[in-house]
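The structure under discussion appears below in the form of structure tokens.
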Amino acid sequence: MPTYFIPLYILGGLLVLFGLLALLARIRGGRYLRPVFAFLARVPFMKRLLAKASTAALERQNPELASAIRKLERSGAGAATDPRRAQAALGRLTAEERRAYLEAAGEQGAMPEARNREERRRLERMQQKTAPRRKR
2 MPTYFIPLYI LGGLLVLFGL LALLARIRGG RYLRPVFAFL ARVPFMKRLL
52 AKASTAALER QNPELASAIR KLERSGAGAA TDPRRAQAAL GRLTAEERRA
102 YLEAAGEQGA MPEARNREER RRLERMQQKT APRRKR
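Just so you know, we're using the numbering used here here: the sequence shown kicks off at 2 and counts up by one.
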């Protein structure tokens with residue numbers, strides 16, 4: 002086997018790998034590709050690359066939501082579990098960012114649950130403020 006065929010074998014292998022990934026992405030909406038990326042996300046440098054690519058895609062698709070997520074990540078992990086910290090973190094967002102975040106959280110079903118009636122009403126008022134108003 003001549004050594005000058007080695008680059009062709011490498012390119013051919015990469016082409017087959019890329020084709021396989023494209024095929025897996027097309028079948029059932031990427032159902033079989035998700036475990037592959039879940040495995041790749043365990044590798045530290047791949048995790049950073051995937052996070053960076055995901056953030057870039059979100060910034061292109063919905064810049065307000067990307068900005069809101071960045072601000073909420075800066076608030077720390079306590080904002081996800083403690084309703085008061087979550088309320089304070091949501092208070093730091095602009096109206097557009099809050100609207101985009103609440104819309105995305107509503108779609109995902111990840112709205113923070115209030116502990117008591119007062120917090121529940123405060124969250125409802127915040128949602129009513131950010132809800133798009135109909136023009137008559």
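By construction, the Cβ of each residue, glycine as well, lies at the ideal position given by its N, Cα and C atoms.
What's the call for residue i, buried or exposed, on a 16-neighbour Cβ count within 10 Å?
i	result
arginine 100	buried
glutamate 65	buried
alanine 57	exposed
alanine 54	exposed
tyrosine 5	exposed
glutamate 98	buried
alanine 78	exposed
tyrosine 102	buried
leucine 124	buried
Using DSSP with H/G/I as helix, E/B as strand and the rest coil, what is residue i?
i	result
leucine 34	coil
arginine 116	coil
Please report the residue range of the alpha helix (DSSP H) in which residue i lies.
i	result
proline 8	7-27
Could you tell me how far apart the beta carbons of residue i and residue j are, in whole angstroms, since I believe they sit closer than 8 Å?
i	j	result
alanine 90	serine 76	4 Å
(message) Going residue by residue through the stretch 36-110, where are the continuous alpha helix (DSSP H) segments of at least 4 residues, counting only ones entirely within it?
(response) 45-62, 64-76, 79-82, 84-92 and 96-109
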